[in-house]
Every structure is written in structure tokens, then in C-alpha cells.
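Below: one structure, written as C-alpha cells.
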Amino acid sequence: MPTILADSFTAALAKLANDEQKQAKLTAFDLQTDPQRPGLSMHRIEVSKDPNF
52 MPTILADSFT AALAKLANDE QKQAKLTAFD LQTDPQRPGL SMHRIEVSKD PNF
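Just so it is clear: in the sequence shown, position 47 is 98 by the working numbering, and no numbers are missing.
Structural data, given as C-alpha cells:
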């Protein structure tokens, strides 16, 4: 399943503290590189506010 990050991801990261930003980036990277990694789970988005998503 392809992983897509929203355009708002970077803006949302900017609102976090540095240590939180680092953890969020690592988790997003881990999901992209190894979606079967234990402790992480990815779910398909069934409904989105954005009709073009």
C-alpha cells in the first residue's frame, strides 16, 4: 500500500517541540520503509474531508 503524507504534515511538524518532531519523522519514515514493523500499524483511509484525497 503506498504511503502518502498530507501537505499539512510539514506545517503540523513545525508546531511540535524538537524531540516530538524527531519522533514523528522517524515514525513516518519507519512506516514508509517497513509497514510490517512490529508496534506500528497502517490503515487505509476510508473517509476524508478532502474529496480529492
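Idealized CB from N, CA, C, for every residue including glycine.
All of these numbers come straight from a predicted model, not from anything done at the bench.
Simplified DSSP state of residue i, which is helix, strand or coil
| i | result |
| --- | --- |
| L56 | coil |
| K73 | helix |
| Q83 | helix |
| L67 | coil |
9 Å Cβ cutoff met for residue i and residue j
| i | j | result |
| --- | --- | --- |
| K76 | L64 | yes |
| A79 | F60 | yes |
| P89 | T54 | no |
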